[in-house]
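Just add 461 to the spot in the sequence shown (first one is 1) and you have my numbering. Quick notes on the structure that follows.
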Amino acid sequence: MTRVITYGTYDVLHIGHLNLLKRAKALGDYLIVGVTSDDYDLSRGKINNTQSLMERIKGVRETGLADEIIVEEYEGQKIDDIKRRGIDIFTVGSDWTGKFDYLSEYCKVVYLPRTEGISSSQIRSDNKHVRIGVVGHSAYGSKFVNEAKLVNGVEIVGFWSNTQVILGQHRRATDADHEQEDPVIYDTYDELLAASDAIYVTSMPENHYKNSLDALKAGKHVLCESPGAYTRSEYQELRRIALENNLILMDGIKTAYSTAYERLVLLAQSGKIGDIVSVDSVCTSLSSGIYSKDIDLSVTWNSMCAWGVTALLPVFQLMGTDYIDKRIYSSFLNKEFNMDIFTKVDFIFDKGIASIRVGKGAKSEGNLVVTGTKGYIYVAAPWWKTDYFEVRYEDQEKNERFFYQLSGEGIRYMIASFVKSIDLGRNLSYITADESEAIVGVIEDFNARRNMIEFGQSI
């Protein structure tokens with residue numbers, strides 16, 4: 462019996478997939494089809510699948526061509542599968558010609574002709590096209606634009622800012638811009654809203670609420686850099702308007718979409734380190750520029766808004782949002798502009814404690830430690846950009862390391878999730894509404910100097 466194996470994502474199963482599977486089936490007597498897992502697709506940069514793994518497996522099964530379906534989960538699995546399953550022929554589409562010649566050491570390799578003029582990427586792009594406008598001037602804006610180019614069906618139509626600062630060199634919007642492909646600068650927010658289906662808000666934090674509110678009232682979906690508002694009541698209003706109008710409102714914390722971080726959270730919640738009793742999160746960047754007399758503090762994010770939202774993410778995702786008590790300790794460079802150079806926040810929960818340390822004017826080891834009753838999770842600095850973490854135990858021989866590829870700091874995965882949410886009409890954010898509101902609540906208390914102890918000198 463001749464055993465044949467082939468692999469693919471099989472997202473939005475189409476006639477091209479069907480033809481390839483028929484040709485693969487004709488090569489032998491028994492066809493094994495490997496469907497790539499979501500995690501493996503992420504590691505290879507395939508971030509915009511429309512269907513889940515189970516939906517894709519179901520599609521392959523319904524063709525009736527596969528004698529057996531397996532899941533491809535890691536680099537190098539093809540060799541393992543060929544050796545273990547006694548494969549005679551490995552086959553794949555001709556667009557991969559030469560890529561898998563190394564497998565000829567283990568079995569025959571056959572490249573099959575593909576059906577011209579059709580692909581899942583093209584179908585996805587044709588089925589959804591989201592025009593996103595960018596509001597603001599922060600460094601996140603330029604990163605967002607670059608990463609959006611890697612997500613199918615996304616067009617960045619242009620920028621608008623309520624300050625004089627715009628990142629990058631872009632043309633002013635003109636009447637002929639509907640024929641242009643490059644993002645442009647719009648003179649008014651209304652003009653940008655009219656040209657967009659969705660808005661990415663990366664303006665100064667005090668403007669997030671107003672920018673998001675105007676977008677939602679105009680019927681636009683919103684992805685907003687956290688904090689989404691400055692008060693709990695403002696965030697609740699935004700949430701209500703989005704729900705009432707079937708619009709997507711998502712928090713933009715890119716770390717939440719990092720594969721390593723996502724797996725860390727799931728692993729910690731699984732009980733692998735026992736009951737979680739403490740989370741310690743540190744995010745700092747020594748920005749000496751904030752001490753310069755030339756810097757405009759009115760358009761500079763303070764430490765709590767720049768770093769606090771990221772540092773708070775693992776606290777609320779692992780400990781929950783119902784803390785019993787909270788204490789804030791801050792050192793201010795300038796109180797007029799609410800510019801803290803270093804802030805520490807301590808939390809008490811029913812079953813544990815947590816602490817964050819953030820700063821733009823002071824430097825510390827930016828690691829993350831999750832303490833459990835059986836062991837702990839350690840993520841080295843900078844933990845918010847990590848591609849690996851460690852699970853450590855009293856018996857060091859049991860320690861484990863977990864590695865995951867990180868591309869684009871998680872931004873492209875965040876954009877893909879936002880676009881997919883719009884396409885499906887349901888919020889697929891990796892950050893819950895309760896978590897977003899809890900983050901806003903801490904920022905509100907910080908701004909109001911609630912439960913705060915100040916130290917150091919300030920202007």
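Built from N, CA and C at the ideal position, the CB exists for glycine as well. Owing to the predicted nature of the structure, the values given are computational and were not obtained by experimental measurement.
Own chain residues within Cβ distance below 6 Å of A609, not counting five before or after:
V615, I617, I876
Indicate the three-state DSSP secondary structure (helix, strand or coil) for W621 in the structure shown.
strand
Check R862 in the structure and name its three-state DSSP category.
strand
With DSSP as the reference, please indicate the residues paired to S791 in a beta bridge.
T804, E915
Ranges of the alpha helix (DSSP H) found wholly within the segment 664-721, counting only runs of at least 4:
669-678, 693-705
Let me confirm a value: M780 is counted as buried when at least 16 other C-beta atoms fall within 10 Å, else exposed. Which label applies?
buried
Report yes if the C-beta distance between V819 and V591 is below 8 Å; otherwise report no.
no
Integer-rounded CB distance, given that Y718 should sit under 8 Å from S878:
7 Å
Per DSSP, L492 forms a beta bridge with which residues?
V465
What does DSSP give as the partner residues of F850 in its beta bridges?
F863
With H, G and I counted as helix, E and B as strand and the rest as coil, what does DSSP make of R575?
coil
If F916 sits next to Y784, beta carbons under 8 Å apart, how far is it from one beta carbon to the other, in whole angstroms?
Going by Cβ atoms, the distance from F916 to Y784 rounds to 22 Å, so no, they are not a contact pair.
S664 to V743, Cα distance in whole Å?
24 Å
Integer-rounded CB distance, given that Y661 should sit under 8 Å from V596:
7 Å
Check whether the Cβ atoms of V852 and E858 sit closer than 8 Å, and answer yes or no.
no
Where K539 falls, given that 16 or more other Cβ within 10 Å makes a residue buried
buried
Please classify T558 as buried or exposed, where buried requires at least 16 neighbouring CB atoms within 10 angstroms.
exposed
According to DSSP, is T771 helix, strand or coil?
helix
Do the segment 689-701 and the segment 894-910 meet, that is, are 3 or more Cβ pairs less than 8 Å apart?
yes
Considering only residues of the same chain and omitting the five flanking positions on each side of S657, which have a CB-CB separation below 7 Å?
R592, I593, G594, V618, K681
Would you mind giving the Cβ-Cβ distance between T463 and D549, rounded to the nearest angstrom? I have them listed as a contact below 8 Å.
5 Å
Just the Cα atoms here: how many angstroms apart are D856 and A842?
24 Å
According to the neighbour-count rule (16 or more other Cβ atoms, all chains shown, within 10 Å of its Cβ), is D786 buried or exposed?
exposed
Closest by CA to L704, which one among G713, I714, A721, K678?
K678
Within 8 Å, do at least three Cβ pairs link the segment 724-739 to the segment 827-835?
yes
What does a CB cutoff of less than 8 Å around D906 pick up in its chain, not counting 5 residues either side in sequence?
K787, I789, N912, M913
Quick one: what's got a C-beta closer than 8 Å to Y468's C-beta in the same chain, skipping five residues either side?
V494, G495, V496, T497, E533, K539, V553
With DSSP run on the structure shown, which of helix, strand or coil describes R994?
Absent from the structure is residue 994, since the part of the chain shown begins at 462 and ends at 920.
Would you kindly work out how many angstroms separate the C-alpha atoms of E797 and M515, rounded to a whole number?
54 Å
Distance between R575 and K556 (C-alpha atoms, nearest Å)
For the record, residue 556 in the displayed sequence is Asp; it is not Lys. C-alpha separation (whole angstroms): 7 Å.
Roughly how many whole angstroms lie between the Cα atoms of A637 and V645?
Note on A637: pLDDT 43, under 50, position unreliable in the model; the coordinate value appears next. The straight-line gap from Cα to Cα measures roughly 11 Å.
Alpha carbon to alpha carbon, how far is S890 from E686? Give it in angstroms, no decimals.
13 Å
Is V626 helix, strand or coil when you go by DSSP?
Confidence at V626 is low in this model, with a pLDDT of 45, below 50, so the placement of that residue should be treated as unreliable; the coordinate-derived value is given next. Coil.
Q730 classed as buried or exposed, judged by whether at least 16 other C-beta atoms fall within 10 angstroms
exposed
Under three-state DSSP, which class holds C568?
coil
In terms of alpha-carbon separation, which member of Q512, L725, I476 lies closest to S882?
Q512
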